[in-house]
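All residue numbers for the sequence shown refer to the numbering used here, where the first residue is 24 and numbers rise by one.
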Amino acid sequence: MQNIRPVTDSVIWVGASDRRLALFENMFPVPDGVSYNSYVILDEKVAILDTADSSVTAQYLENVAAALGDRQPDYLIVNHMEPDHCANIEELCRRYPGMKLVGNSKTFGLMAQFYDFPMEERMITVKERDILDLGHHKLTFVMAPMVHWPEAMMTYDTTEKILFSADAFGSFGALDGVLFSDEHLDFKALHGEMRRYYSNIVGKYGMQVQAVLKKASALDIAVICPLHGAVWRKDLGWLLDLYQKWSTYAPEEQTVAIFYGSMYGNTASVADLLAAKLVAGGARGVTVRDVSKTDVSYLVSDVFRASTLVFAAPTYNNGLYPKMANFIEDLAALNVQNRRCALIENGSWAPQSGKIMAGKLAEMKDMELLAEPFTLRSAMKESQMEALDKLAKAILATL
């Protein structure tokens with residue numbers, strides 16, 4: 024059964040949601056599923072924008088057929104060649120033999136790696152600011168390399184002022200009958216999964232996102248249609264402000280995120296005690312996360328949210344507790360920067376974790392250590408309370 028929604032009178036959403044998927048990219052938990060968005064523009068000529076993941080192929084093809092009616096598509100515009108958006112290219116080409124493929128030179132290089140069908144006669148190669156005339160709708164192209172693949176581009180409909188933004192402005196989460204963000208009771212409730220999506224999928228490429236935001240600022244945008252998550256036709260300023268913060272690694276909130284690894288609970292107890300002292304001192308929005316239990320995608324999202332980070336971990340095999348080591352390495356790989364940090368180390372006979380964490384953070388950009396590591400030897404003693412109070416005060420001073 025077809026399930027389509029109009030974005031405007033002539034632009035139709037033909038995507039689908041997947042709630043069976045447990046791990047996006049086989050890495051990131053998606054307890055609320057994910058949507059794969061594709062769009063059809065009906066004009067004198069007809070364009071499909073992107074396809075969908077193979078997991079929803081049957082629904083997707085039904086939706087495309089319903090949107091087209093008795094018409095044939097003239098173009099398939101490929102903004103992004105990642106498999107969750109390009110899985111149905113060959114099938115659409117088989118069904119619609121007259122359809123041309125629109126992409127940039129890097130698009131077709133990747134397409135040839137994924138597919139073996141003859142595509143040369145179908146290819147229309149576009150570059151920055153080229154125009155594709157559908158009749159009433161005039162489409163132009165905004166190259167967005169490394170946001171977050173090298174071939175990524177966006178398509179801008181100059182007629183209806185719609186930006187088809189590829190993976191930018193996307194989110195985890197199935198649509199649950201909603202298409203537009205303003206159909207939610209509280210559109211701001213979406214942004215936790217938007218941040219988790221951005222920080223883990225696109226977060227490394229802040230400089231490239233900044234370049235695209237600069238291009239977008241020159242466009243008159245009324246609607247943003249991403250490849251995942253809700254379509255935005257209201258509150259665009261709020262959305263763009265989030266991307267400005269995330270892409271410049273500016274924290275969303277002046278608050279503290281505490282991350283701990285603990286084998287027997289002693290390090291965890293100090294993390295909880297520090298959190299209580301911070302809240303008693305006036306901090307709000309403090310979070311405490313167990314790096315052994317919490318999926319790293321949620322940890323990374325917290326890092327993008329908070330201005331001050333606390334890392335607490337024991338020494339393990341004369342090195343750093345492996346779960347904490349993996350977490351900090353992930354932050355470095357994502358180019359995280361511009362945070363204030365505090366450290367708590369534990370070691371029953373030879374504490375090393377603080378020195379190791381400090382060394383890893385020193386390799387990252389603008390990661391300021393507020394004080395020397397707070398050191399535990401097995402378990403905290405009452406005599407150390409003054410030192411922990413001092414650490415709490417140093418953290419509170421940053422807020």
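Heads up, the beta-carbon is just placed ideally off N, CA and C, and yes, glycines get one too.
Excluding five sequence neighbours on each side, which residues of the same chain lie with their C-beta closer than 6 Å to the C-beta of residue i?
i	result
A298	I281, V309, V311
A167	A175, M176, M177, V235
A294	I281, Y283, V311, A335
S78	D41
Which residue wins for smallest C-alpha separation from residue i, given the options the options?
i	options	result
A335	G305, S376, V326	S376
I418	V302, I185, T130, L250	V302
D199	H207, E216, G158	H207
M353	D318, T130, L46, A365	This sequence places Asp at residue 353; Met is not what is there. Among D318, T130, L46, A365, the Cα nearest to that of D353 belongs to D318.
S240	D264, D295, T74	D264
E391	N361, L72, Q407	N361
M230	S270, Y339, F203	S270
P106	D190, R400, M403, R152	D190
Y179	K123, V30, L202, C248	C248
E216	L322, P173, A135	L322
L44	T290, D76, L72	D76
A373	T181, P337, A394, K346	P337
K123	H108, G132, Q136, L155	L155
I need the DSSP call for residue i, collapsed to helix, strand or coil.
i	result
M230	helix
D295	helix
F282	strand
Y272	coil
F51	strand
D107	helix
L44	coil
P29	strand
A365	strand
I244	coil
F397	strand
Y59	strand
G126	strand
L354	helix
D389	coil
M347	helix
V34	strand
Ordered along the chain, which non-local residues of its own chain (more than five positions away) have a Cβ less than 8 Å from that of residue i?
i	result
E67	L157, G158, H159
L213	S194, G196, S204, H207, G252, A253
So, is the C-beta of residue i closer than 9 Å to a C-beta in chain B?
i	result
D156	The chain inventory of the structure shown lacks chain B, comprising one protein chain alone.
Once you ignore the five residues that flank residue i on each side, which residues in its own chain have a CB closer than 7 Å to its CB?
i	result
I244	K184, L186, L259
I27	I35, W36, V37, N86, A89, A90
Stretch pair the stretch 219 to 236 + the stretch 24 to 41: three plus CB contacts closer than 8 Å: no
Touching by the beta-carbon criterion (3+ pairs, under 8 Å), the stretch 139 to 152 and the stretch 55 to 63: no
Segment contact, 8 Å Cβ cut-off, at least three pairs: the stretch 328 to 347 with the stretch 272 to 288: yes
Whole runs of the alpha helix (DSSP H) within the stretch 292 to 339, excluding any shorter than 4 residues: 319 to 328
In chain order, each alpha helix (DSSP H) run of at least 4 residues that lies wholly inside the stretch 160 to 246: 214 to 220, 229 to 240
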